[in-house]
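Peer 1: Chains as they are written, first to last, in the numbering used here: chain A, 18 to 131; chain B, 2 to 117. For glycine and all other residues, C-beta sits at the position ideal for the given N, C-alpha and C. Since the structure is predicted, the reported quantities are computational estimates derived from the model, not experimental observations.
#1: What residue range does the beta strand (DSSP E) around residue 11 of chain B cover?
#2: Per DSSP, which one or two residues make a beta bridge with residue 74 of chain B?
#3: How would you label residue 11 of chain B, buried or exposed, when you count the other beta carbons within 10 angstroms and need 16 or more for buried?
#4: Just reading off the beta strand (DSSP E) that residue 75 of chain A is part of, what are its end residues?
#5: At which residues does the beta strand (DSSP E) containing residue 62 of chain A begin and terminate?
#6: Would you call the region 103-118 of chain A and the region 8-26 of chain B in contact, with 3 or more CB pairs under 8 Å?
#7: I'd like to check one pair, residue 32 of chain B with residue 49 of chain B: are the Cβ atoms closer than 8 Å?
#8: Touching or not, the region 35-47 of chain A and the region 82-93 of chain A, by the rule of three or more beta carbon pairs under 8 Å?
#9: Using a Cβ cut-off of 8 Å (strictly closer), state whether residue 50 of chain B contacts chain A.
#10: Does the region 43-63 of chain B touch the region 112-130 of chain A, meaning 3 or more C-beta pairs lie closer than 8 Å?
#11: Which residues in chain B have a C-beta closer than 7 Å to the C-beta of residue 51 of chain A? List them in chain order.
#12: Taking 7 Å as the limit between beta carbons, can you name the residues of its chain near residue 67 of chain B, skipping five residues before and five after?
#13: Among B:75, B:51, B:95 and B:39, whose alpha-carbon lies nearest the alpha-carbon of residue 87 of chain B?
#14: What are the start and end residues of the beta strand (DSSP E) that includes residue 94 of chain B?
#15: Does any C-beta atom of chain A lie closer than 8 Å to the C-beta of residue 92 of chain B?
#16: In the structure shown, what three-state DSSP assignment does residue 86 of chain B receive?
#17: Indicate the three-state DSSP secondary structure (helix, strand or coil) for residue 169 of chain A in the structure shown.
#18: Mind checking whether residue 27 of chain A and residue 39 of chain A have CB atoms under 8 Å apart?
#19: With a threshold of 6 Å on Cβ separation, who are the neighbours of residue 104 of chain A within its own chain once the five nearest residues in sequence on each side are excluded?
#20: With respect to the beta strand (DSSP E) encompassing residue 79 of chain A, which residues constitute its N-terminal and C-terminal limits?
#21: DSSP beta-bridge partners for residue 28 of chain B?
#22: Could you please tell me which residues of the region 54-80 of chain A, in chain order, have their CB closer than 7 Å to any CB of chain B?
#23: Can you tell me whether DSSP reads residue 42 of chain A as helix, strand or coil?
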């Protein structure tokens, strides 16, 4: 059983605050790390797929970094807006031929208060 | 705008009844995944198919669950007989896999199942 942990479990911030949260995953047999954004009553929506150690990806005000040697990824949101409120999921893809068999963390629930 | 579609969106049934959930993957995607979301476990992978062939169903209770892909545009997940503990949201996702690239998975809207 692969251990993918996300912290914090939930987070409340004020509009305009910048925030970040963590995904930790096995540092061995790494293939890729996915980030998804999941709004209530909708389906998970892809943000990033990261494969290289040291990788940094950006989409608007959201960015993510990856450290495969120590097994963690950070997701950053700059200047949070109420529409950023969602659960942010990370998912680990192992190597060895099962690289599309994702193991998801339980997510970080972000609430942005106006 | 290509999307994964799932039917039904909601299903309420009684314990012991058969439940069939359907998924139409995005055209051109060669891999289909079935996930179950529960409060306790989060998103769990039940099974997946690549080029319509089942690759892994180790996440699925074998005695009552079955997954098939009769053609490239249809994947099904069946529960027979259903039990109250099967109540969850079932998501289908599709993507392109193969070679050395890693692409994202695109999720459908889910089927919310309640077994009474």
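Peer 2: The answer reads as follows:
#1: DSSP places residue 11 of chain B in the uninterrupted beta strand (DSSP E) bounded by 11-14.
#2: When beta bridges are read from the DSSP output, residue 74 of chain B appears opposite no residue.
#3: Exposed is the call here.
#4: For residue 75 of chain A, the uninterrupted beta strand (DSSP E) run begins and ends at 73-76, by DSSP.
#5: Judged by DSSP secondary structure, residue 62 of chain A falls within the beta strand (DSSP E) whose first and last residues are 62-67.
#6: Output reads no: the region 8-26 of chain B does not touch the region 103-118 of chain A.
#7: Yes. Within cutoff.
#8: They touch, by the three-pair rule.
#9: Closer than 8 Å: no.
#10: Yes, they touch.
#11: Listed along chain B are 105, each with a C-beta nearer than 7 Å to that of residue 51 of chain A.
#12: 79, listed in sequence order.
#13: Of the residues B:75, B:51, B:95 and B:39, the one whose Cα lies closest to the Cα of residue 87 of chain B is B:39.
#14: In the DSSP assignment, residue 94 of chain B falls within the unbroken beta strand (DSSP E) covering 89-96.
#15: Yes - at least one Cβ of chain A is within 8 Å of the one on residue 92 of chain B.
#16: Here residue 86 of chain B sits in helix by DSSP.
#17: Outside the modelled stretch of chain A, which goes from 18 to 131, sits residue 169 of chain A, for which no answer is possible.
#18: Cβ atoms of residue 27 of chain A and residue 39 of chain A: not closer than 8 Å.
#19: Counting only Cβ-Cβ distances below 6 Å, and skipping sequence neighbours, we find 55, 124 and 126.
#20: Residue 79 of chain A -> beta strand (DSSP E) spans 79-84.
#21: Answer is none; residue 28 of chain B lacks a bridge partner.
#22: Going along the region 54-80 of chain A in chain order, one finds 60, 61, 63, 66 and 68 with a Cβ nearer than 7 Å to chain B.
#23: Look at residue 42 of chain A here: in three-state DSSP terms it is coil, with no helix or strand label.
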